[in-house]
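Working notes for the structure below.
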Amino acid sequence: MPTDTVYGIGADAFKTWSVEALLRAKERGRDMAPPVLVGNRKVLDGLTISVPESVKELAGAFWPGPLTLIMHYSPTLSWDLGDTDGTVAVRMPMHPVALEVLSETGPMAVSSANKSGQPPAATAADAKEQMGYSVQVYLEAGPSMDNAPSSIVDCTGETPQLLRAGALPLERIRSIIPGTLDIPGAEDN
1 MPTDTVYGIG ADAFKTWSVE ALLRAKERGR DMAPPVLVGN RKVLDGLTIS
51 VPESVKELAG AFWPGPLTLI MHYSPTLSWD LGDTDGTVAV RMPMHPVALE
101 VLSETGPMAV SSANKSGQPP AATAADAKEQ MGYSVQVYLE AGPSMDNAPS
151 SIVDCTGETP QLLRAGALPL ERIRSIIPGT LDIPGAEDN
């Protein structure tokens, strides 16, 4: 399905066999757990242990959009995304087709629609060329507009850390949480 970055393949985040099928399709191991896409900011409250004020500010400013937040997930959730050490990477995409799908399905484990190590798919046809019959349904919505990956902020510690400077420039993230963003080895955009 299209997202606001690249095409992705999705699976029901709460069905272990579905997530395992996604990992097999990607030719990935459990050590590379897929992020979870949500269709509504409020879903973050149900997936995580707690949502600090800085995370609420980031989600309010950049969701829907290309920002992935890593949080501790609620231990009451019945899911198995892989080897995550109790964390989940969550994002709310901006693409209207993705949001419509997520409004019907609920949270989905989603990864880029390409085999590991191959270029990401810009169209459903590109995805089908790589993924073939390992994916059951392809949703075509034209070429992806931006192939830049999402920016990733780890919010599991006391201070949020920028793990990947992606589609959101560092300055925009810092404008929302000034002085409270660590950047271990990340490069400015």
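Take 1 as the starting number for the sequence shown in the working numbering and just add one per residue.
Idealized CB from N, CA, C, for every residue including glycine.
In terms of residue numbering, what span does the beta strand (DSSP E) encompassing residue i cover?
{"i": "M10", "result": "The residue you asked about is not Met; residue 10 is Gly in the sequence shown. Element bounds for G10: G8 to D12."}
{"i": "S134", "result": "Where S134 is concerned, there is no enclosing beta strand (DSSP E), given that its DSSP letter is neither H nor E."}
{"i": "T68", "result": "L67 to H72"}
{"i": "S112", "result": "M108 to S112"}
{"i": "T87", "result": "T87 to R91"}
Go through its chain and collect everything with a Cβ distance to residue i's Cβ below 6 Å, but skip five positions before and after it.
{"i": "H95", "result": "P2, T3 and D4"}
{"i": "S112", "result": "V6, G8 and P120"}
{"i": "G86", "result": "H72"}
{"i": "D154", "result": "I70, Q161 and L163"}
{"i": "L99", "result": "G39"}
If we call anything under 8 Å between Cβ atoms a contact, is residue i one with residue j?
{"i": "A148", "j": "Y7", "result": "no"}
{"i": "S103", "j": "G39", "result": "yes"}
{"i": "A89", "j": "I152", "result": "yes"}
{"i": "S18", "j": "L47", "result": "no"}
{"i": "T76", "j": "D12", "result": "no"}
Considering only residues of the same chain and omitting the five flanking positions on each side of residue i, which have a CB-CB separation below 7 Å?
{"i": "N189", "result": "Because the pLDDT at N189 is just 38, under 50, the model does not fix this residue reliably, and the value given afterwards should be weighed accordingly. The residues are A165, P169 and L170."}
{"i": "P184", "result": "Q161"}
{"i": "D45", "result": "V51"}
{"i": "F62", "result": "L168"}
{"i": "S150", "result": "T5, P66, L67, T68, R91, G166 and A167"}
Buried or exposed for residue i, please, with buried defined as at least 16 other CB atoms from any protein chain shown within 10 angstroms of its CB.
{"i": "R24", "result": "exposed"}
{"i": "G157", "result": "exposed"}
{"i": "E187", "result": "Unreliable positioning characterises E187 in this predicted model, as indicated by a pLDDT of 48, which lies under 50. The coordinate reading is nonetheless provided below. So E187 ends up on the exposed side."}
{"i": "P201", "result": "Outside the shown range of the chain (1 to 189) lies residue 201, about which nothing can therefore be said."}
{"i": "A124", "result": "buried"}
At a cut-off of 7 Å, is residue i close to the ligand COA when judged by its beta-carbon and the heavy atoms of the ligand?
{"i": "A11", "result": "In terms of ligand content, the structure shown is empty, and the ligand COA therefore cannot be addressed."}
With a CB to CB cut of under 8 Å and the five nearest residues on each side skipped, what residues in its chain are close to residue i?
{"i": "V135", "result": "I9, A25, A113, A127 and K128"}
{"i": "S78", "result": "F14"}
{"i": "T159", "result": "T180, L181 and D182"}
At what residues does the alpha helix (DSSP H) containing residue i begin and finish?
{"i": "L23", "result": "T16 to K26"}
{"i": "I177", "result": "Premise fails: I177 is in no alpha helix (DSSP H) and is neither H nor E."}
{"i": "D146", "result": "Run containing D146: none; DSSP gives neither H nor E here."}
{"i": "L77", "result": "From DSSP, L77 is part of no alpha helix (DSSP H); its letter is neither H nor E."}
Quiz item: Below 8 Å, can you find three or more Cβ-Cβ pairs linking the segment 162-173 to the segment 27-40?
Solution: By the criterion of at least three beta-carbon pairs nearer than 8 Å, the segment 162-173 is not in contact with the segment 27-40.
Quiz item: Does the segment 129-144 touch the segment 65-81, meaning 3 or more C-beta pairs lie closer than 8 Å?
Solution: Taking a cut-off of 8 Å on C-beta distances, the segment 65-81 does not touch the segment 129-144, as fewer than three cross pairs fall below it.
Quiz item: Taking one C-beta from the segment 77-95 and one from the segment 13-28 each time, how about it: are there three or more such pairs within less than 8 Å?
Solution: Contact holds between the segment 77-95 and the segment 13-28, because three or more Cβ pairs, one in each stretch, are under 8 Å apart.
Self-check item: Stretch pair the segment 51-59 + the segment 138-148: three plus CB contacts closer than 8 Å
Solution: Using a C-beta cut-off of 8 Å, the segment 51-59 makes no contact with the segment 138-148, since fewer than three inter-stretch Cβ pairs fall below that distance.
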